[in-house]
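Read the structure below first, then the notes.
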Amino acid sequence: MMANKLSVGHQFSGVRLQTGRPARSVGQAYSLYNGRPVSDADFQPRRTRYENTGQLQLLHRSYNAGTPTTVEPSVGNARLSQTNTQDVDIQDLTSQLKVPLYKQLIGNTAMVDLSSLSANPQVKILGKCEFANPSGSIKDRIADHILTTAEAEGKLKPGGTVVAATSGNTGASVAMISAMKGYHYIVITNEKTSKEKCDAMRSYGGEVIIAPSGVPADHPDHYQNMAVTLCKENADYFDVDQYDNPNNPEAYYRTLGPEIWMQTKGRVSHFVAGGSTGGTISGTGRFLKDMNPKIKVMLPDPVGSVFWDFWANRKAEKDLEAKSYQCEGVGKDSIPGAIDFDVVDDMMQVTDKQSFTMCRSLAQKEGMLVGGSAGLNLHAAVEISKTAKPGSVIVAILADNGVKYLTKIYNNDWIKAKSFDEGSPDPQAHLVDAPLKTARSAGVTYNPASEEPSANGAAKRPTAAPEARKAMANEWISPDYAGMGI
Numbered sequence: 344m345m346a347n348k349l350s351v352g353h354q355f356s357g358v359r360l361q362t363g364r365p366a367r368s369v370g371q372a373y374s375l376y377n378g379r380p381v382s383d384a385d386f387q388p389r390r391t392r393y394e395n396t397g398q399l400q401l402l403h404r405s406y407n408a409g410t411p412t413t414v415e416p417s418v419g420n421a422r423l424s425q426t427n428t429q430d431v432d433i434q435d436l437t438s439q440l441k442v443p444l445y446k447q448l449i450g451n452t453a454m455v456d457l458s459s460l461s462a463n464p465q466v467k468i469l470g471k472c473e474f475a476n477p478s479g480s481i482k483d484r485i486a487d488h489i490l491t492t493a494e495a496e497g498k499l500k501p502g503g504t505v506v507a508a509t510s511g512n513t514g515a516s517v518a519m520i521s522a523m524k525g526y527h528y529i530v531i532t533n534e535k536t537s538k539e540k541c542d543a544m545r546s547y548g549g550e551v552i553i554a555p556s557g558v559p560a561d562h563p564d565h566y567q568n569m570a571v572t573l574c575k576e577n578a579d580y581f582d583v584d585q586y587d588n589p590n591n592p593e594a595y596y597r598t599l600g601p602e603i604w605m606q607t608k609g610r611v612s613h614f615v616a617g618g619s620t621g622g623t624i625s626g627t628g629r630f631l632k633d634m635n636p637k638i639k640v641m642l643p644d645p646v647g648s649v650f651w652d653f654w655a656n657r658k659a660e661k662d663l664e665a666k667s668y669q670c671e672g673v674g675k676d677s678i679p680g681a682i683d684f685d686v687v688d689d690m691m692q693v694t695d696k697q698s699f700t701m702c703r704s705l706a707q708k709e710g711m712l713v714g715g716s717a718g719l720n721l722h723a724a725v726e727i728s729k730t731a732k733p734g735s736v737i738v739a740i741l742a743d744n745g746v747k748y749l750t751k752i753y754n755n756d757w758i759k760a761k762s763f764d765e766g767s768p769d770p771q772a773h774l775v776d777a778p779l780k781t782a783r784s785a786g787v788t789y790n791p792a793s794e795e796p797s798a799n800g801a802a803k804r805p806t807a808a809p810e811a812r813k814a815m816a817n818e819w820i821s822p823d824y825a826g827m828g829i
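Start counting at 1 in the sequence shown, then tack on 343, and there's your number in the working numbering.
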């Protein structure tokens, strides 16, 4: 082979399924199997097998619903194969990479069947594996969208500095993408953030500042305020501002919402996601409701977060007071501008012990190592399954990888020291609004018209009518899915 040639196998636009439509990625190939109606049989466990070493057989574990689809491993838009080999100019190959490689690694995550957790065998619980994103969390979606949008708007210029206030995951995502794009980054987090997350954020070569934990939201040493101050003092810095940036929920509206809709073939009945910035539940929930207004959106909240008091107990923002809790990446000590409470149908309080017990159980029984927010979401999903109608499909977000919490959630000494072990009483039990399991169960309804306006834009009203939003939602769905009856 000549030095300027590279054997990559035959090129093709994607796997062509029995529908005749191409699948442009592994995620789409998974979602597009056979184009036939989904039945309960599609969710049954299947045996792992690989047909040959040159192909990736999408038939692993119970989450791969339906008929297996074989997909060629991909590098960018080029596929590698052991057959039909041809020489391709390296320049020709790189010209086919229409988008940066990292973009092809973000999103299109798998969905796993966790119905073994369900309290009702006729109710499905599915987990959306956001921990499979390249930095190990769901936040890759917003980091990519926010930085790309900032570049397009001229707010972020080559060689610039990116600043992000974060509880950890967004910081790692921003650090990863900044390194890829050649930006310097400064991440500001707090003492609650796990060592693993801090180490990951440093690994990409930027700065990590650790702010004190537990300070009031309006204190200058609060990690969010430190980011604002830093950007005011340096006009050329770009503030990711994930808590108030509208591009945060938009990223999920464009990507995560359509993926869930397509992977469940429109059968999703409940969407469960904890909130911190509120972007995931607002953007994804809005998309799903635009597709089907009957879909219920559940916001589980860690005990100690202010969301519960704001939404369920109707407290004004000025009267909110956060309490200490250990679950990272969910809950908040103030109301962000990125959250839209109009999307939320119900809320549930979940203690740290309940979240972490679910995480450890999932690792030991299902072989899945996930973060605390996934435990929180799955605990809520199990509670929903107790009263959901037969045939319901509950989708819970598994936001990040448990490897980020080896010194905490998966450390027996830490668990015991915090009284989260099986033999200790729940240290937060007295803080739960007992005997309520959810806000709706007590007849609580969120009425945004009666709430005082948020100082930072929280609980924003949608700007488009439902039909207009649904038309816009359909624009995000790939043409490959047109006419499939979803």
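Here a beta-carbon is modelled for each residue, glycine too, at the ideal position from N, C-alpha and C.
Which same chain residues, not among the five before or five after K538, have their C-beta less than 8 angstroms away from its C-beta?
Here the set comprises T750.
Along the beta strand (DSSP E) that carries V505, what are the first and last residues, could you check?
Its beta strand (DSSP E) spans residues T504 to A508.
When burial is assigned at 16 or more other CB atoms within 10 Å of the CB, is E534 buried or exposed?
Exposed: under 16 other Cβ atoms inside 10 Å.
Looking only at its chain, what residues have a beta carbon closer than 6 angstroms to the beta carbon of V687, apart from the 5 residues adjacent to it on each side?
Counting only Cβ-Cβ distances below 6 angstroms, and skipping sequence neighbours, we find V640 and L642.
Buried or exposed for G548, going by 16 or more other Cβ atoms inside 10 Å?
By the neighbour-count rule (16 or more Cβ atoms within 10 Å), G548 is not buried but exposed.
With distance defined between alpha-carbon atoms, name the residue in I468, G514 and K467 nearest to K482.
Per the Cα distances, G514.
Ordered along the chain, which non-local residues of its own chain (more than five positions away) have a Cβ less than 6 angstroms from that of D662?
So the list is empty, once near-sequence residues are dropped.
From the DSSP output, in three-state form, read off I737 for me.
Here I737 sits in strand by DSSP.
Could you tell me which of H565, Q567, F474 and V466 sits nearest to L457, measuring between CA atoms?
Closest by alpha carbon: V466.
Quick check on Y445: does DSSP put it in helix, strand or coil?
Residue state, collapsed to three classes: helix.
Spatial neighbours of A384 within its chain, please: C-beta separation below 8 angstroms, excluding the five flanking residues on both sides.
At A384 the pLDDT is 47, less than 50, meaning the model places this residue with poor confidence and gives no usable figure here.
Which stretch, first to last residue, makes up the beta strand (DSSP E) that contains A528?
The residue you asked about is not Ala; residue 528 is Tyr in the sequence shown. Start and end: H527 to N533.
Hey, out of L774, W757, M711 and S612, whose CA is closest to E473's CA?
Nearest C-alpha to E473: M711.
Taking K471 as part of the beta strand (DSSP E), name the residues at either end of that continuous run.
K471 -> beta strand (DSSP E) spans K467 to C472.
State buried or exposed for N577, treating a residue as buried only when at least 16 other CB atoms are found within 10 Å of its CB.
Exposed, by the Cβ-count rule.
I need the DSSP call for V693, collapsed to helix, strand or coil.
Strand, per DSSP.
Between the alpha carbons of L448 and H773, how many angstroms are there, rounded?
One C-alpha to the other measures close to 43 angstroms.
List the endpoints of the continuous alpha helix (DSSP H) containing A518.
A518 -> alpha helix (DSSP H) spans N512 to K524.
If you measure between the beta carbons of S619 and G680, is that distance less than 8 angstroms?
Not a contact, by the Cβ cut-off of 8 angstroms.
Is the number of C-beta pairs between the segment 730-738 and the segment 607-615 that are closer than 8 angstroms three or more?
These segments touch.
Alpha carbons only, please: which of N754, G766, A742 and K471 is nearest the one belonging to M605?
Answer by Cα proximity: K471.
Where in the segment 574-626 do unbroken runs of the alpha helix (DSSP H), each at least 4 residues long, occur, reported from the N-terminal end onward?
The segment 574-626 contains these whole alpha helix (DSSP H) runs: 590-597 and 599-606.
Ordered along the chain, which non-local residues of its own chain (more than five positions away) have a Cβ less than 8 angstroms from that of K637?
Excluding sequence neighbours, K637 sits near S612.
Can you tell me which residues form a DSSP beta bridge with E550?
DSSP, once it has assigned bridges, lists I529 as partnering E550.
If V649 sits next to A724, beta carbons under 8 angstroms apart, how far is it from one beta carbon to the other, in whole angstroms?
Wrong, their Cβ atoms sit about 23 angstroms apart, outside the cutoff.
Closest by CA to G617, which one among S461, L741, K747 and E765?
Closest option to G617, Cα to Cα, is L741.
Between D756, K732, N463 and R597, which lies nearest to D633 when the distance is taken from Cα to Cα?
Per the Cα distances, R597.
Can you tell me the Cα-Cα spacing of N635 and G626, whole angstroms?
When rounded, the distance between both Cα atoms is 14 angstroms.
Which of helix, strand or coil does DSSP assign to N744?
Of the three classes helix, strand and coil, the one that applies to N744 here is strand, per DSSP.
Is the beta carbon of G718 sitting closer than 8 angstroms to the one on M691?
Cβ atoms of G718 and M691: not closer than 8 angstroms.
Quick one: what's D455 bridged to in DSSP?
A small correction: the amino acid at residue 455 is Val; Asp does not occupy that position in the sequence shown. The partner list for V455 (beta bridge, DSSP) reads G470.
Taking just the CA atoms, how far does S510 sit from S836?
An answer regarding residue 836 cannot be provided, because it is not within the stretch 344 to 829 covered by the chain.
Between the C-alpha atoms of Y595 and L631, what's the straight-line distance to the nearest angstrom?
C-alpha separation (whole angstroms): 11 angstroms.
Could you check how far apart the C-beta atoms of V693 and P770 are, in whole angstroms? I think they sit under 8 angstroms.
That pair is no contact at about 14 angstroms.
Go through its chain and collect everything with a Cβ distance to G497's Cβ below 8 angstroms, but skip five positions before and after it.
Closer than 8 angstroms at the Cβ level, and outside the excluded window around G497, lies no residue.
Would you please verify whether the beta carbon of K732 is less than 8 angstroms from any beta carbon of chain B?
Of the protein chains in the structure, only one exists, and it is not chain B.
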